Amino acid sequence: METKVRYLVDTNIWLERLLDQDKSDIVSKFLDTVPLDQIFISDFALHSIGVILSRLKKLDTLDQFVNDLFFNGLIEQISLDPHDFVDIISNIEKYELDFDDAYQLTISQKYEMAIVTFDKDFNIEGIDRMTPGDIIE
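Just so you know, we're using the numbering used here here: the sequence shown kicks off at 68 and counts up by one.
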């Protein structure tokens, strides 16, 4: 039986599409190509997107995003519990990451997922990082 790759989609990927930035088209192709049951978002990423879109006064976009993800798309949100903070701190120290990147990395490790991101801070040996282009090629 073939194991499906599971993807933790980082905050910058979602924002690229939501804000119609330079790489929006490739993100759209990624989201159209990969089965939704293989795409995940962390609670941290969801909350960060909420903060950013609310600051930009894009509450309609935030509302549509949440509806598209969880009610229409059935994307699963995953999180860490307080016991996992030991691993977050370890990843901060080991890879010299900031907290949000270490949180994403810890989730990807805990749930055995590849991180889909444009963030070059994840370009470190031992981290399973991909871009949307890597996946759809």
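Note that CB positions come from ideal geometry on N, CA and C, so glycine has one too. Treat the numbers as computed from the prediction; the structure is a model and nothing was measured.
To the nearest angstrom, how far is it from the Cα of residue i to the Cα of residue j?
i	j	result
Thr-128	His-150	34 Å
Tyr-162	Glu-204	28 Å
Asp-135	Leu-98	12 Å
Lys-124	Ile-202	32 Å
Ile-91	Asp-186	One point to set straight first is that residue 91 is Ser, not Ile, in the sequence displayed. Looking at the two C-alpha atoms, the distance is approximately 15 Å.
Met-197	Tyr-74	9 Å
Ile-119	Val-72	29 Å
Phe-107	Phe-137	11 Å
Val-76	Pro-199	9 Å
Glu-192	Arg-122	35 Å
Thr-100	Leu-141	15 Å
Can you tell which of the options has its C-alpha closest to the C-alpha of residue i?
i	options	result
Leu-86	Gln-131, Leu-103 and Arg-73	Gln-131
Asn-158	Lys-187, Asp-135 and Gln-176	Gln-176
Asp-104	Met-197, Gly-200, Ile-145 and Asp-154	Ile-145
Can you tell me whether residue i is buried or exposed? The criterion is at least 16 other CB atoms within 10 Å of its CB, across all chains shown.
i	result
Asn-139	exposed
Phe-152	exposed
Arg-84	buried
Asp-110	exposed
Phe-189	buried
DSSP three-state label for residue i, please.
i	result
Tyr-162	helix
Val-118	helix
Val-11	In the structure as shown, the chain begins at 68 and stops at 204. Residue 11 is therefore absent and cannot be evaluated.
Ile-106	strand
Val-101	coil
Ile-203	helix
Ile-182	strand
Exercise. Run through the segment 109-158 for me and flag every whole alpha helix (DSSP H) of 4 or more residues, listed as ranges in chain order.
Key: Fully enclosed alpha helix (DSSP H) runs of 4 or longer: 110-122 and 126-133.
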